[in-house]
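Residue numbers (our numbering): 4 to 218. For every residue, glycine included, the Cβ atom is placed at its ideal position computed from N, Cα and C. Keep in mind that this is a model prediction, so the values were computed, not measured. Only one structure is covered here, and it is reproduced in the block below.
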């Protein structure tokens, strides 16, 4: 019986000991650990900053892998202003360090959304009318206007194509400008502290139109 049990030793894992038998090295497959090791690998590092309701003055190293931001750290190459003052580095706050989480968050709005009640009225009107006339037929009709305005605050948004969203915005702005004047077109563009590009685009549009910018 003992001989039979000894013959079963080949079922044991292949291993080697070290440190007088206090440690064991086994030939197990460790591929599962590649995901942890590759977590901090990157394809390139680019210099950038963040717009998190701040001046966007902090320089960051953005680590990119497969075209996606994986993580980020502060730059440490700021010039020294005066020899008798300490360095300004590293500059950067927790909001900036976690910005990539927001960048790929499921809660981030990436596509145009239109309230479902308004979208149904709009598509029905567009079957027979031009954009501006279609918008006028909705806002001039008390029943139709109330049908979509009463849904505010209740959600019910539907995703639409950019072309359709732009057409609705353009039609409503043209109708308001023709009927009441361009200064009645009021817009809120993201503040510069959040996005200089978004702010400049919205502010420029309202400026050319003659509208009122609240931001």
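Status (buried if at least 16 other CB within 10 Å, exposed otherwise) for residue 141:
Counting from one through the chain shown, the residue named residue 141 turns up at place 138. Buried, by the Cβ-count rule.
Give the secondary structure of residue 84 by DSSP, where H, G and I count as helix, E and B as strand, and everything else as coil.
Taking the first residue of the chain shown as 1, we reach residue 84 at position 81. Residue 84: coil per DSSP, three-state reduction.
Looking at C-alpha atoms only, which residue of 197, 63, 217 and 122 is the closest neighbour of residue 169?
Counted from its first residue, the chain shown places residue 169 at position 166. Comparing Cα-Cα distances from residue 169 to each of 197, 63, 217 and 122, the minimum goes to 122.
Select from 63, 163, 180 and 24 the residue whose C-alpha is nearest the C-alpha of residue 117.
Walking along the chain shown from the start, residue 117 turns up at place 114. Looking at the Cα atoms, 163 is the closest of the given residues.
Look at the alpha carbon of residue 134 and the alpha carbon of residue 185, and state the distance between them as a whole number of angstroms.
For this step, residue 134 is matched to residue 131 along the chain shown. For this step, residue 185 is matched to residue 182 along the chain shown. Rounded to whole angstroms, residue 134 to residue 185 spans 18 Å at the Cα level.
From which residue to which residue does the alpha helix (DSSP H) around residue 66 run?
Here residue 66 corresponds to residue number 63 of the chain shown, with the count starting at 1. Taken as a continuous stretch (DSSP letters only), residue 66 belongs to no alpha helix (DSSP H), being part of the beta strand (DSSP E) at 63 to 68.
From this set, 67, 96 and 20, which residue's C-alpha is nearest residue 49's C-alpha?
Sequence index remark: in the chain shown, residue 49 carries index 46 (1-based). Among 67, 96 and 20, the Cα nearest to that of residue 49 is on 67.
Based on Cα-Cα distance, which residue from 76, 92 and 45 lies nearest to residue 82?
As a first step, residue 82 must be located in the chain shown, where it is residue number 79. Per the Cα distances, 92.
Distance, Cα to Cα, residue 43 vs residue 97?
Here the question's residue 43 lines up with position 40 in the chain shown. Here the question's residue 97 lines up with position 94 in the chain shown. In a straight line, the C-alpha of residue 43 is about 19 Å away from that of residue 97.
For residue 106, I'd like the list of residues in its chain whose CB is within less than 7 Å of its CB, leaving aside the five on either flank, ordered along the chain.
Within the chain shown, residue 106 is the residue found at index 103, counting from 1. Closer than 7 Å at the Cβ level, and outside the excluded window around residue 106, lie 72.
Assigned secondary structure, residue 130 (DSSP; H/G/I helix, E/B strand, else coil):
On the chain shown, residue 130 is found 127 positions in, with the first residue counted as 1. Of the three classes helix, strand and coil, the one that applies to residue 130 here is coil, per DSSP.
Give a yes or no on whether the C-beta atoms belonging to residue 220 and residue 137 are separated by under 9 Å.
Residue 220 is absent from the model: the chain starts at 4 and stops at 218.
Across which residues does DSSP place residue 136 in a beta bridge pair?
In the chain shown, the residue the question calls residue 136 occupies position 133. The partner list for residue 136 (beta bridge, DSSP) is empty, contrary to what the question assumes.
Report the rounded CA-to-CA distance for residue 94 versus residue 28, giving the unit in angstroms.
Within the chain shown, the letter at position 91 stands for residue 94. Within the chain shown, the letter at position 25 stands for residue 28. Each residue's Cα considered, the two are about 44 Å apart.
Give the secondary structure of residue 172 by DSSP, where H, G and I count as helix, E and B as strand, and everything else as coil.
Residue 172 sits at position 169 when you count from the first residue of the chain shown. DSSP places residue 172 in helix when its eight states are reduced to three.
If you run the structure through DSSP and keep just helix, strand and coil, what is residue 155?
Position 152 of the chain shown holds residue 155. Here residue 155 sits in coil by DSSP.
Burial state of residue 151 (16 or more Cβ within 10 Å)
In the chain shown, the residue the question calls residue 151 occupies position 148. Buried, since its Cβ has 16 or more Cβ neighbours within 10 Å.
Alpha carbon to alpha carbon, how far is residue 181 from residue 153? Give it in angstroms, no decimals.
The residue labelled residue 153 in the question sits at position 150 within the chain shown. The residue labelled residue 181 in the question sits at position 178 within the chain shown. Approximately 25 Å, taken between the alpha carbons.
Are the beta-carbon atoms belonging to residue 25 and residue 99 less than 9 Å from one another?
Sequence index remark: in the chain shown, residue 25 carries index 22 (1-based). Sequence index remark: in the chain shown, residue 99 carries index 96 (1-based). Cβ distance not < 9 Å, so residue 25 and residue 99 don't count as in contact.
Under the three-state DSSP convention, the category residue 75 falls into
The sequence position of residue 75 within the chain shown is 72, counting from 1. Here residue 75 sits in strand by DSSP.
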